[in-house]
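Taken in order, these protein sequences are the chains called X and Z.
Plus 27 on top of the position in the first sequence (first one is 1) and you've got my numbering.
Plus 38 on top of the position in the second sequence (first one is 1) and you've got my numbering.
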Amino acid sequence: MSSREEILNRLRGNVRETYDFPDLGFKKLEFADPVAQYIETTTTTAGARVFEIKPTDDINAKIREAYPDARIIASNIPGVLADLNPDTVERAQDLEVVDVGVIKGEVACAENGCVWVPQTMKEKAICFASETLVLIVSRKNIVSNMHEAYERIKFNDYGFGTFISGPSKTADIEQSLVYGAQAARGLTVFLTD
Amino acid sequence: MSTKHSIAAEKFNQDSGRVTRHDQTFWSVRSKRDGLAYQLEEWEQLRESANLIKKHTITHLADYLEQFETNAKKNGVHVHWAKDADEYNDIVMEIMRQHNVKKVVKSKSMLTEECHLNDNLIKHGIDVVETDLGERILQLMEIPPSHIVMPAIHVTREEVAACFREKGIIEKHGAHAAEGLLKEGEDWRTSSDPTYLTRAARYHLRDNFMEADCGMTGGNFGIAETGDIVVCTNEGNADMSTSIPKLHIVSIGLEKIIPNYKAMGVFQRLLARHGTGQATTVYTSHFRKARPGAEMHIILVDNGRSSILGNIEHWQTLKCMRCGACMNTCPVYRRSGGYSYTYFIPGPIGINLGMLKDKEANYHNCSACSLCMSCDNVCPVKVDLSTQIYKWRQELDSMGHADPLKKMTSAGMQTLFEHPSLYTTALKFAPLANHVPAFMTNIKANTWCYGHTMPEFAKESFHTLWKKGKVK
Ligand code: SF4
């Protein structure tokens with residue numbers, strides 16, 4: 028018998044009582060103004076910044092404003108002036124030098140600042156290895172809680188997606204909070220219409 | 039009667055500064071959790087749902103595992119089954135041989151600790167680098183984790199700095215890491231500033247991410263309906279580990295499978311709030327397919343789990359999602375530290391898992407419980423931790439290891455636990471004990487006091503204060 032069969036048989040043999048999946052219809056946290064709450068959460072506990080972007084704004088000027096010292100910008104978003112493109116770099120390692128990665132989020136959650144970022148590029152290293160991130164999110168896509176967020180998120184063929192709520196952080200040394208552990212050490216959300 | 043735990047705890051308590059810091063650190067995490075709990079009206083409904091979802095999944099686990107496997111395979115992911123630690127290690131080595139792996143970057147996984155993966159990799163000449171900062175510090179210092187979520191919190195900044203100096207990390211990355219960070223006059227060669235040390239570790243780990251041939255992660259959840267593996271981190275190290283190398287190996291215990299996204303929504307809201315007192319981890323990553331040109335393997339590990347399901351008293355330990363809340367709140371853990379326990383997972387859940395793994399080796403830990411039940415009250419999935427410890431103590435009797443002093447009081451406790459109304463009454467009258475002469479509560483005739491000092495009971499119990507609205 029293979030281990031697989033052995034394990035499945037033992038599991039089946041060891042069940043006594045069974046339980047039903049519960050009804051999750053209870054009332055969940057809702058914000059009167061999820062957008063305001065999202066901004067509040069993101070700029071306080073999550074440790075990120077929010078730039079509110081108007082349709083008339085020049086996105087490249089805004090990126091400069093967010094990170095004036097940046098030398099290398101990476102993105103595959105049309106209209107963003109980038110030095111590197113995560114679709115065309117040869118290796119993921121090539122993105123290690125990136126100062127600002129510009130990426131898109133699809134659903135944002137007010138209760139905890141999480142933004143759903145599906146992989147939309149060949150090398151997702153842009154989302155993590157970049158020194159800092161600009162994350163573009165539409166204010167139309169903000170929900171109150173994670174239950175709603177999980178109803179909305181979608182996968183594409185790349186088969187990867189992540190909720191990002193702020194810059195990478197750690198408190199592993201004597202519990203002192205430090206931003207910039209292994210992944211991006213700064214995050215600016217561009218909130219569009 | 040002394041147990042290995044009580045002896046080790048006594049030693050830990052000789053450094054009173056360290057004990058106080060340890061105690062306060064974990065109590066502050068517990069308090070942060072409470073703060074978040076009060077912000078959510080549905081808190082208790084979430085916990086009850088999590089409890090029921092886990093009970094449901096675990097009692098239908100074979101079906102969900104099959105569904106998970108089918109979907110993962112549809113996504114082009116390789117799925118393996120390991121009945122024990124040996125088979126698990128063999129599977130890992132076989133995959134690594136096929137890919138000619140020389141260096142592995144690894145994000146934190148208690149399962150790999152359970153199966154002694156690192157030793158095995160090193161034995162086969164593979165360089166393994168832990169990438170969670172705490173884990174990396176421990177790996178460099180060659181000491182085990184003392185907590186499942188904050189593994190190196192007992193190590194001081196000075197010790198970290200000394201270790202980084204000794205391992206050449208400061209020499210290689212110190213000057214770069216110090217740029218714009220250190221105060222005037224502070225020398226990067228000797229600094230133990232946490233921000234600076236974290237930065238130095240960042241550069242050190244970056245080098246390793248770039249060179250590795252394989253990234254290994256655990257999994258906080260596996261979703262049957264989609265085949266997703268979900269990994270939650272704050273540092274982003276699981277994502278770095280899987281974004282650069284072209285091989286991703288996931289190691290996951292059978293019990294980590296959950297049915298669907300509805301369940302995931304419940305657990306995502308509970309995990310970080312309970313574990314570290316944050317509304318979320320920074321990253322909640324869903325791995326469904328391998329990256330273009332890469333390969334993804336999932337190893338489903340049993341190693342005793344399917345047998346636990348048949349244990350009528352203890353099967354509910356399988357609900358555990360390893361959040362760490364029960365150790366953060368445990369007064370014994372906080373004051374005795376992770377190394378006082380004989381099992382690699384400490385605290386209330388570790389006492390139980392250790393007993394399930396090997397009673398003879400781990401019965402010592404059963405003394406590390408005051409039956410205060412704080413763990414039961416914080417566990418997000420309602421594992422009945424203290425009741426289970428209590429049951430182990432009863433069993434120790436037949437093993438000939440029971441402490442005759444504790445036996446008597448345990449019997450009294452049982453009456454209280456089994457009659458909730460009595461328990462409430464007992465709590466209400468507890469303040470009276472404050473007026474009872476000390477000799478009555480502190481004499482050696484009262485055996486429970488022998489290992490315990492009498493607590494000062496609050497004039498009004500938390501219960502009553504809560505009801506009167508005095509607790510906000
Ligand atoms: S037993 Fe409960 S509180 Fe303890 S680690 Fe597991 S889930 Fe967390």
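Built from N, CA and C at the ideal position, the CB exists for glycine as well.
Please read these numbers as outputs of a predicted model, since none were measured by experiment.
Please report the distance separating the alpha-carbon of Z:Ile282 from that of Z:Lys42. Here residue 282 of chain Z corresponds to residue number 244 of the second sequence, with the count starting at 1. Here residue 42 of chain Z corresponds to residue number 4 of the second sequence, with the count starting at 1. In a straight line, the C-alpha of Z:Ile282 is about 44 Å away from that of Z:Lys42.
**OP:** Please classify Z:Met278: does DSSP put it in a helix, a strand, or coil?
**Re:** Here residue 278 of chain Z is taken as the residue at index 240 of the second sequence, counted from 1. Here Z:Met278 sits in helix by DSSP.
Please indicate yes or no: does the CB of Z:Ile387 lie closer than 7 Å to some heavy atom of the ligand MN?
-> As presented, the structure is devoid of the ligand MN, carrying the ligand SF4 as its sole ligands.
#### Entry: Range of the contiguous alpha helix (DSSP H) that encloses Z:Val416
Taking the first residue of the second sequence as 1, we reach residue 416 of chain Z at position 378. Residues 412-416.
**Study point:** Cβ of X:Leu162 within 8 Å of any chain Z Cβ
**Key:** Numbered from its first residue, the first sequence carries residue 162 of chain X at position 135. Not one chain Z Cβ lies under 8 Å of X:Leu162.
Quiz item: Using a Cβ-Cβ cut-off of 6 Å (strictly less than) and excluding sequence neighbours within five positions of Z:Asp122, which residues of its own chain qualify?
Solution: Taking the first residue of the second sequence as position 1, residue 122 of chain Z is located at position 84. Here the set comprises Asn341.
_Inter-residue Cα distance where the pair is Z:Gly73 and Z:Gly303_ = Start at 1 with the first residue of the second sequence, and residue 73 of chain Z comes out as number 35. Start at 1 with the first residue of the second sequence, and residue 303 of chain Z comes out as number 265. C-alpha separation (whole angstroms): 20 Å.
Do Z:Cys417 and Z:Ile389 have their C-beta atoms closer together than 8 Å? For this step, residue 417 of chain Z is matched to residue 379 along the second sequence. For this step, residue 389 of chain Z is matched to residue 351 along the second sequence. Not a contact, by the Cβ cut-off of 8 Å.
**Study point:** Three-state secondary structure assigned by DSSP to X:Tyr206
**Key:** Working through the first sequence from its first residue, we reach residue 206 of chain X at position 179. DSSP places X:Tyr206 in strand when its eight states are reduced to three.
Between the alpha carbons of Z:Lys395 and Z:Glu152, how many angstroms are there, rounded?
Within the second sequence, numbered from 1, the residue matching residue 395 of chain Z stands at position 357. Within the second sequence, numbered from 1, the residue matching residue 152 of chain Z stands at position 114. Approximately 10 Å, taken between the alpha carbons.
Exercise. Helix, strand or coil: how does DSSP classify Z:Cys252 here?
Worked result: The residue given as residue 252 of chain Z occupies position 214 in the second sequence. Of the three classes helix, strand and coil, the one that applies to Z:Cys252 here is strand, per DSSP.
Could you compute how far the alpha carbon of Z:Tyr102 sits from the alpha carbon of X:Val144? Counting from 1 along the second sequence, the entry for residue 102 of chain Z is found at position 64. Counting from 1 along the first sequence, the entry for residue 144 of chain X is found at position 117. In a straight line, the C-alpha of Z:Tyr102 is about 27 Å away from that of X:Val144.
*asked:* Please report the distance separating the alpha-carbon of X:Arg37 from that of Z:Gly392.
replied: Along the first sequence, read from residue 1 onward, the residue named residue 37 of chain X stands at position 10. Along the second sequence, read from residue 1 onward, the residue named residue 392 of chain Z stands at position 354. The alpha-carbon atoms of X:Arg37 and Z:Gly392 are separated by roughly 21 Å.
Where the alpha helix (DSSP H) containing X:Ile153 begins and where it ends = As a first step, residue 153 of chain X must be located in the first sequence, where it is residue number 126. X:Ile153 -> alpha helix (DSSP H) spans 153-156.
Quiz item: Between the stretch 89-107 of chain X and the stretch 62-72 of chain X, do at least 3 Cβ pairs fall closer than 8 Å?
Solution: no
- Query: Quick one: Cα of Z:Val193 to Cα of Z:Leu159, how far?
  - Reply: Translated into positions along the second sequence, residue 193 of chain Z becomes position 155. Translated into positions along the second sequence, residue 159 of chain Z becomes position 121. One C-alpha to the other measures close to 26 Å.
- Query: In three-state terms, what does DSSP make of Z:Met188?
  - Reply: The count along the second sequence starts at 1 and reaches residue 188 of chain Z at position 150. DSSP places Z:Met188 in coil when its eight states are reduced to three.
Original post:
For a contact meaning CB atoms closer than 7 Å, what does X:Ala152 contact in chain B?
Top reply: Included in the structure are the protein chains X and Z, with no chain B among them.
So, does the CB of Z:Arg360 fall closer than 8 Å to a CB anywhere in chain X?
Working through the second sequence from its first residue, we reach residue 360 of chain Z at position 322. With 8 Å as the cut-off, Z:Arg360 does not count as an interface residue toward chain X.
Mapping the DSSP letters down to three states, classify Z:Met393 as helix, strand or coil. For the purposes of this step, residue 393 of chain Z is identified with residue 355 of the second sequence, where counting begins at 1. In the structure shown, Z:Met393 sits in a helix (DSSP, three-state: H, G or I).
Ordered along the chain, which non-local residues of its own chain (more than five positions away) have a Cβ less than 6 Å from that of Z:His286? The residue labelled residue 286 of chain Z in the question sits at position 248 within the second sequence. Counting only Cβ-Cβ distances below 6 Å, and skipping sequence neighbours, we find Gly253, Thr280, Met334.
What separation, rounded to the nearest whole angstrom, lies between the Cα atoms of Z:Tyr76 and X:Phe155? Translated into the one-based positions of the second sequence, residue 76 of chain Z becomes position 38. Translated into the one-based positions of the first sequence, residue 155 of chain X becomes position 128. In a straight line, the C-alpha of Z:Tyr76 is about 33 Å away from that of X:Phe155.
Taking the alpha carbon of Z:Ala399 as the point to measure from, which residue in Z:Thr380, Z:Met365, Z:Asn246 has its own alpha carbon closest?
The count along the second sequence starts at 1 and reaches residue 399 of chain Z at position 361. The residue with the shortest Cα to Cα distance from Z:Ala399 is Z:Thr380.
Does DSSP put Z:Trp81 in a helix, a strand or coil?
Within the second sequence, the letter at position 43 stands for residue 81 of chain Z. Three-state result, Z:Trp81: helix.
- When we look at the beta-carbon of Z:His162 and count the other beta-carbons within 10 Å, is it buried (16 or more) or exposed? One-based indexing of the second sequence puts residue 162 of chain Z at position 124. Exposed is the call here.
**Prompt:** What is the rounded straight-line gap between the Cα of Z:Asp225 and the Cα of Z:Asn89?
**Reply:** Here residue 225 of chain Z refers to the residue found at position 187 of the second sequence. Here residue 89 of chain Z refers to the residue found at position 51 of the second sequence. Approximately 52 Å between the Cα atoms of the pair.
Query raised in the report: Since Z:Gly303 meets chain X, which of its residues come closer than 7 Å, beta carbon to beta carbon?
Result: By one-based count along the second sequence, residue 303 of chain Z stands at place 265. Result: Met173, His174, Tyr177.
- Got a sec: is the Cβ-Cβ distance from Z:Gln83 to anything in chain X below 8 Å? Taking the first residue of the second sequence as position 1, residue 83 of chain Z is located at position 45. Taking Cβ atoms only, chain X reaches closer than 8 Å to Z:Gln83, which makes this a yes.
Handout entry: Local Cβ density within 10 Å of X:Asp199, reported as buried at 16 or more and exposed below that
Key = Locating residue 199 of chain X in the first sequence gives position 172, where the first residue counts as 1. Classification of X:Asp199: buried, given that the 10 Å Cβ count is 16 or more.
**Three-state secondary structure assigned by DSSP to X:Val216** = Residue mapping note: residue 216 of chain X aligns to position 189 of the first sequence, counting from 1. X:Val216: strand per DSSP, three-state reduction.
In the stretch 245-269 of chain Z, which residues sit with their C-beta less than 7 Å from some C-beta in chain X, listed in chain order? Met248
Z:Ala239 in three-state terms, based on DSSP:
Working through the second sequence from its first residue, we reach residue 239 of chain Z at position 201. It is helical.
- Query: So, helix, strand or coil for X:Trp143, using DSSP?
  - Reply: Within the first sequence, the letter at position 116 stands for residue 143 of chain X. Note: X:Trp143 maps to strand in three-state DSSP.
Between Z:His312 and the ligand SF4, is the CB less than 7 Å from at least one heavy atom?
Taking the second sequence and counting its residues from 1, one reaches residue 312 of chain Z at position 274. For the ligand SF4, at least one heavy atom lies less than 7 Å from the Cβ of Z:His312.
Would you verify that the beta carbon of Z:Asn138 is, or is not, closer than 8 Å to some beta carbon of chain X?
Here residue 138 of chain Z corresponds to residue number 100 of the second sequence, with the count starting at 1. Chain X contact via Cβ: absent.
- CB contact flag (Z:Asp170, Z:Lys146, <8 Å): As a position in the second sequence, residue 170 of chain Z is number 132, starting the count at 1. As a position in the second sequence, residue 146 of chain Z is number 108, starting the count at 1. Contact: yes.
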